[in-house]
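First residue of the sequence shown? That's 124 in my numbering, and the numbers climb one at a time after it.
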Amino acid sequence: MGDGMLPPGQRLAKGWPVSHYGPVPRFRPERWTLRVFGATASGHPYSWTFDEVVAMPGVTLVADLHCASGTSTTGHEFYGVPAAALLDLAPPAPDVTHVMAWAEYGYSANLRLSDVTADTTVMATHHDGEPLTAEHGAPLRLVVPHLYGYKGPKWLRGIEYMTRDRRGFWEERGYHNTADPWTGKRHAYQEDEAP
Ligand SMILES: Nc1nc2c(c(=O)[nH]1)N[C@H]1C(S)=C(S)[C@@H](COP(=O)(O)O)O[C@H]1N2
Ligand SMILES: [Mo]
């Protein structure tokens, strides 16, 4: 949004707190790949090294982040590769409706295909002109500013194309499957219909 408005029930945090489940992984460039797999149009998986990802055309995005626990941080400037660009390089099969975004240690978040192709959904390498720090998701973090923070995996390693929806890490643990912060609905029991 970037206009100073916060979603319902959110309060502004001081600075940029670090919040995630589990340890911060160490980046090993020689072992690192970004994979696209599952229901690709070609039937084959795709894989890129980190150097190949950073060579893709990048965009700058100013975004606010909203954690479902009730804190928001505003005015982040992210630089990175639009997620839509990756979908152009590795097209999904026609019946793909959702993706699972996978991170180190098995963290995952399910997204509608339309969340991924949104022009504000970016695989960020930089924040406010500096490389992302490890605790904020280096080397690659999915930024999905129109959804609660748990839909944006730090330490992104893969995109799985799915022909139907499946719940990710927090979605399996009682958090809302859609995660639109502007509805104020954080929990699975507030879902209108079974996913
Ligand atoms: N890999 C991974 N990514 C994650 C999480 C996590 O536990 N593991 N937590 C998410 C949640 S709930 C939030 S609110 C944001 C917090 O990002 P920050 O620490 O940069 O503020 O990271 C998201 N990405
Ligand atoms: Mo969060």
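Virtual Cβ for every residue (Gly too), placed ideally from N, Cα, C.
Cβ neighbour criterion (16 or more within 10 Å) applied to residue i
i, result
"residue 203", "buried"
"residue 134", "exposed"
"residue 304", "buried"
"residue 181", "buried"
"residue 125", "Because the pLDDT of residue 125 is 48, which lies under 50, any placement of that residue in the model is unreliable, and the question is left without a value."
"residue 250", "buried"
Beta carbon of residue i nearer than 8 Å to that of residue j
i, j, result
"residue 284", "residue 162", "yes"
"residue 274", "residue 226", "no"
"residue 233", "residue 294", "yes"
"residue 186", "residue 201", "yes"
"residue 219", "residue 286", "yes"
"residue 244", "residue 255", "no"
"residue 242", "residue 215", "no"
For residue i, three-class secondary structure by DSSP
i, result
"residue 242", "coil"
"residue 296", "helix"
"residue 175", "helix"
"residue 237", "helix"
"residue 249", "strand"
Cβ neighbours of residue i in the same chain (closer than 6 Å, five flanking residues each side left out)
i, result
"residue 309", "191 and 299"
"residue 270", "302"
"residue 136", "194 and 196"
"residue 257", "147"
Candidates the options, of which the one nearest residue i by Cα
i, options, result
"residue 296", "261, 306 and 231", "231"
"residue 188", "141, 179 and 207", "141"
"residue 237", "207, 252 and 251", "207"
"residue 138", "267, 268 and 199", "199"
Own chain residues within Cβ distance below 8 Å of residue i, not counting five before or after
i, result
"residue 279", "157, 224, 225, 226, 246, 260, 263, 264 and 265"
"residue 217", "164"
Cβ-based neighbour list, residue i, same chain, cut-off 7 Å, excluding 5 preceding and 5 following
i, result
"residue 143", "277"
"residue 282", "159, 209, 222 and 224"
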